[in-house]
Structures are given as structure tokens and as C-alpha cells.
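If you read the protein sequences in the order shown, they are chains A and B. Residue 91 in this note's numbering is what sits at position 91 of the first sequence, and the numbering runs on without skipping anything. For this note's numbering, add 102 to where a residue sits in the second sequence, where the first one is 1. For reference, the structure is listed below as C-alpha cells.
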Amino acid sequence: MTLQIVLGISAILFSLGLAAVLTRSHAIMLLMGIELMLGAANLNFLAFWRFSPDPAALAGVLFAIFSIAVAAAEAAVGLAIIILVYRNLRSVEVDDADQLKG
Amino acid sequence: MMCEFFNSFCADPVNAIGGWFVLLPAAVLLLAAAASVVLRNLIHAALCLTLSFIALGVVYLALGAEFVGFVQLLVYVGAVAMVIVFAILLTRPDELERSRSFFSGFGPAGGTAAALATLAVLLGAIFTSPTGDRPMPPAVPVPVADLGKALMGDYVVALIVIGVLLTAALVGAAVLAMEDEP
Numbered sequence: 001m002t003l004q005i006v007l008g009i010s011a012i013l014f015s016l017g018l019a020a021v022l023t024r025s026h027a028i029m030l031l032m033g034i035e036l037m038l039g040a041a042n043l044n045f046l047a048f049w050r051f052s053p054d055p056a057a058l059a060g061v062l063f064a065i066f067s068i069a070v071a072a073a074e075a076a077v078g079l080a081i082i083i084l085v086y087r088n089l090r091s092v093e094v095d096d097a098d099q100l101k102g
Numbered sequence: 103m104m105c106e107f108f109n110s111f112c113a114d115p116v117n118a119i120g121g122w123f124v125l126l127p128a129a130v131l132l133l134a135a136a137a138s139v140v141l142r143n144l145i146h147a148a149l150c151l152t153l154s155f156i157a158l159g160v161v162y163l164a165l166g167a168e169f170v171g172f173v174q175l176l177v178y179v180g181a182v183a184m185v186i187v188f189a190i191l192l193t194r195p196d197e198l199e200r201s202r203s204f205f206s207g208f209g210p211a212g213g214t215a216a217a218l219a220t221l222a223v224l225l226g227a228i229f230t231s232p233t234g235d236r237p238m239p240p241a242v243p244v245p246v247a248d249l250g251k252a253l254m255g256d257y258v259v260a261l262i263v264i265g266v267l268l269t270a271a272l273v274g275a276a277v278l279a280m281e282d283e284p
């Protein structure tokens with residue numbers, strides 16, 4: 001078990017989230033892709049903490065906890081925005097929210 | 103790699119299995135995440151995403167970060183997945199996604215190619231890094247009491263900022279989603 005394997009898993013997870021954000025047009029799928037990318041970032045924090053020469057330092061674990069808290073706030077605000085967009089446009093497709101287009 | 107695994111297995115069987123055990127939930131994690139990206143039915147995608155959150159929590163546990171693993175299970179599986187399912191049900195549940203893509207000129211192929219290029223760059227950087235093939239050090243238990251002391255000591259400013267951020271975000275979300283006319 002080496003650091004490279006965990007980082008590789010995390011890189012694949014990040015790319016899956018990026019593919020979801022870039023290819024799907026449903027706003028909730030975009031949010032799901034962002035959650036996958038945040039999970040990959042958290043996995044990186046914990047992998048570098050686990051393989052660090054000084055695992056008694058808690059910075060990696062605490063950074064992951066703070067990151068999860070920020071992700072929860074992001075999910076709440078994002079879903080509120082999606083519900084608001086649905087109420088105004090009767091659609092949750094991101095292509096339909098183009099009223100600022102010049 | 104097998105030889106290295108065999109040597110470490112003979113030297114310390116429990117730690118060797120404990121280290122390689124990560125691969126099992128990681129496989130579930132990647133399969134569920136891929137399914138949630140590909141599936142067209144939003145409810146199925148959300149359920150696969152929930153499964154991938156559970157597998158990610160198990161990966162954290164297998165890496166030795168017990169507290170973060172349980173926080174992941176509570177926050178993501180308990181709250182975020184449920185909020186996503188709520189949002190799907192509050193918007194139209196039965197209409198399948200239309201086939202338009204984010205890059206309307208390039209189609210889904212453009213997004214997939216960009217994601218694959220990112221993956222290639224990341225994997226290339228990871229597997230050519232000189233410090234990447236470091237072996238896993240023996241697990242050090244992290245008592246929750248130490249985490250609490252660190253949060254209340256060195257990281258107390260960050261904790262307060264997170265509290266303010268969560269309050270502002272939840273109040274903002276409630277205000278956004280509130281009906282204009284009562």
C-alpha cells in the first residue's frame with residue numbers, strides 16, 4: 001500500500017466528478033459532481049495525513065472536518081438556489097437559465 | 103508490487119491486510135460514483151451517490167481516520183444525500199434529463215475528453231512523483247479527546263469562522279427558498 005495508490009483513487013474520483021459537471025445539464029447532477037470532487041479532495045487530505053512522517057499532527061484530520069462542514073453549507077445553499085430557479089423558470093436545466101446572456 | 107506486498111505481509115500480517123483493505127471500499131466507491139455520473143434516472147443517480155458516500159466513509163475508516171469516517175457517514179449519508187433526494191422530489195421527479203449537454207457545441211464528448219485529460223495529467227503527476235511510493239506507516243490512533251482539544255485550542259478561530267459560515271449559509275438558504283408571498 002503506497003501513497004500513490006490512494007492518490008490515484010482520489011484522482012479517478014475527481015475526474016468522475018468533473019465529467020459529471022461538464023457533461024450533465026441537470027443542475028442537481030452538477031451539484032452531485034461537485035460533491036464527488038470535494039470527496040476526492042478530502043481523501044487527499046486524509047491520505048497525506050496518513051502517510052506523513054508525523055501522524056500525531058492532527059492538521060490533516062481537522063482540515064478534512066472543516067472541509068466537510070463547508071461542503072455541507074455549499075450543498076444547502078446550492079439546493080436552495082436550484083429550488084428558486086425551478087420556481088421561477090419551471091426548469092432545472094442549466095441551459096434554460098440564460099437570461100444574462102448578451 | 104506483489105513481492106513487496108508478500109514481504110510486508112510476512113513481516114506484519116495485520117497491518118499489511120489493514121493497509122490493503124482500503125482497495126475493497128475504494129472499488130465500491132469508484133463503481134458507485136461512475137454509475138451516478140452515467141445513469142440518466144436522477145433518483146438512481148442519487149442512490150448510487152449515496153452508496154459512494156458510504157464507501158468513501160469506509161475508506162476513511164480503513165485509512166485510520168475514525169472520526170472523519172463517522173462524520174462523513176453522518177453528514178453526507180444522513181444529511182446531504184437526503185437533501186439531494188428532497189430537491190429531486192421538489193422539482194420534477196419523473197421527467198428524464200433532456201439530452202442537451204453543458205458544451206452545447208461539442209456534446210458530451212467534450213466534457214468526457216476534458217475529464218480524461220485531467221485524469222491523465224493527475225495520474226502522470228502522481229505516479230512520477232519521487233515521494234509517492236512511500237510505504238504506509240503504522241497506524242497511530244487519534245483519540246477524539248485530542249481532536250476536541252485541538253479544535254478548542256489551536257484551531258478555535260477556524261471553528262468560530264465555520265460556525266458563522268454555517269449559520270449564514272443556512273439562514274441564507276432558508277431565505278432563498280422561502281415563498282415571496284405568504
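C-beta: ideal position from N, C-alpha, C; glycine also. Values in this document were obtained by computation on a predicted structure and should not be read as measured data.
Could you please give the first and the last residue of the uninterrupted alpha helix (DSSP H) stretch that includes residue i?
i	result
B:Q174	E168 to Q174
A:N42	A27 to R50
B:V140	L125 to V140
A:Q4	L3 to T23
B:G255	Neither: B:G255 is in no alpha helix (DSSP H) and is coded neither H nor E.
B:P237	Element bounds for B:P237: n/a, residue is neither H nor E.
A:V70	A59 to L89
B:A211	P210 to F229
B:Y162	L144 to A164
B:A189	A183 to L192
What do you reckon, are the CB atoms on residue i and residue j nearer than 8 Å?
i	j	result
A:L18	B:A134	no
B:A167	A:L46	yes
B:T193	A:T23	no
A:L16	B:V139	yes
A:V77	B:G180	no
A:A80	A:L89	no
A:I9	B:Q174	no
B:F169	B:V242	no
B:L131	A:A73	no
A:I28	B:I145	no
B:R236	A:L3	yes
B:G60	B:Y162	This structure does not reach residue 60 of chain B, given that chain B is present from 103 up to 284, and the question cannot be answered.
B:M367	A:F51	Examination of residue 367 of chain B is not possible in this model, given that chain B is present from 103 through 284 alone.
A:L84	B:D248	no
A:G60	B:L158	no
A:L13	B:I228	no
A:L31	A:A75	yes
B:A137	B:C150	yes
Report buried or exposed for residue i, applying the criterion of at least 16 other Cβ atoms within 10 angstroms of its Cβ.
i	result
A:I82	buried
A:E35	buried
B:A222	exposed
B:G226	exposed
B:P293	Because chain B spans 103 through 284 in this model, residue 293 of chain B falls outside it and cannot be assessed.
B:V263	exposed
B:S203	Summary for B:S203: the model assigns pLDDT 42, below 50, so the residue's position carries little reliability, and this model does not support an answer.
B:P240	exposed
B:A276	exposed
B:S206	Note that B:S206 scores 49 on pLDDT, short of 50, meaning its location in the model is unreliable; the coordinates nonetheless yield the value given after this. B:S206 comes out exposed.
B:S201	Unreliable placement is indicated for B:S201, whose pLDDT of 45 sits below 50; no coordinate value is reported for it.
A:V92	buried
A:M1	buried
A:A56	exposed
B:A211	exposed
A:A20	buried
B:V160	buried
B:P308	Here chain B has residues from 103 to 284 only, and residue 308 of chain B is not among them.
Just to check my reading of the structure: residue i and residue j have Cβ atoms closer than 8 Å, yes? What is that Cβ distance to the nearest angstrom?
i	j	result
A:N42	A:A64	5 Å
A:F66	B:A260	6 Å
B:A148	B:F123	Incorrect: roughly 28 Å between the Cβ atoms, too far for contact.
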